[in-house]
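With numbering that gives the first Met the number 0 as the guide, the letters of the sequence shown map in order to residues 0 to 104. All remarks here apply to the structure that follows.
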Amino acid sequence: MAIVKMVTTLPGDWKEFEVGEWGYTLVENLVVACIQIERIRSMYRWDGEVNSEDEWRLTMTTTTEKAPILSKLIQEKSPYDIPQVTWAAIDASDEYSTWTEEVTK
């Protein structure tokens, strides 16, 4: 069965508890089954200049049905002008897929 892994980033100057609260609401509201949170270094071009900044990466597990809802929520709640919202449907074990479906109902 397929599940969806969606990735976004949040500003590196956010405190860990702020990132946790941001993610907690998505789990609490049954939009995602789980979230992995990690600190990263991003390099990107913005306004004609190359930038390098610390960020938080959130990798979220959801269902194909909830993916459009999650994408919209990220775009609405992100502090970025153009938030990163990428995702892919991936194969997963039947047990993990079933769990993902059950905890997002």
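Think of the CB as a built atom: it goes at the ideal place given N, C-alpha and C, for glycine as much as any other residue.
Practice task
Taking V26 and T62 to be in contact with their CB atoms under 8 Å, please state how far apart those CB atoms are, rounded to whole angstroms.
Solution key: Translated into positions along the sequence shown, residue 26 becomes position 27. Translated into positions along the sequence shown, residue 62 becomes position 63. Distance from V26 to T62 at the Cβ level is roughly 13 Å; contact not present, criterion being Cβ atoms closer than 8 Å.
Problem - N-terminal and C-terminal residue of the beta strand (DSSP E) that Y43 is part of - result: Translated into the one-based positions of the sequence shown, residue 43 becomes position 44. Its beta strand (DSSP E) spans residues 33-45.
Handout entry: Alpha-carbon spacing of E54 relative to V102, whole angstroms
Key = On the sequence shown, position 55 is the one that residue 54 refers to. On the sequence shown, position 103 is the one that residue 102 refers to. Looking at the two C-alpha atoms, the distance is approximately 28 Å.
Practice task
Determine the contact status of W18 and L72, defining contact as a CB-CB distance below 8 Å.
Solution key: In the sequence shown, residue 18 corresponds to position 19, counting from 1. In the sequence shown, residue 72 corresponds to position 73, counting from 1. For the sequence presented, residue 18 should be read as Val rather than Trp. Taking 8 Å as the Cβ cut-off, V18 and L72 do not qualify as a contacting pair.
Practice task
Please report the residue range of the alpha helix (DSSP H) in which W98 lies.
Solution key: Residue numbering aside, residue 98 sits at position 99 when the sequence shown is read from its first letter. Looking at the DSSP string, the run of the alpha helix (DSSP H) that includes W98 is 93-102.
Practice task
Using only alpha-carbon positions, find the residue among D12, S41, D93, P82 that is nearest to M5.
Solution key: Sequence index remark: in the sequence shown, residue 5 carries index 6 (1-based). The candidate whose alpha carbon is nearest that of M5 is P82.
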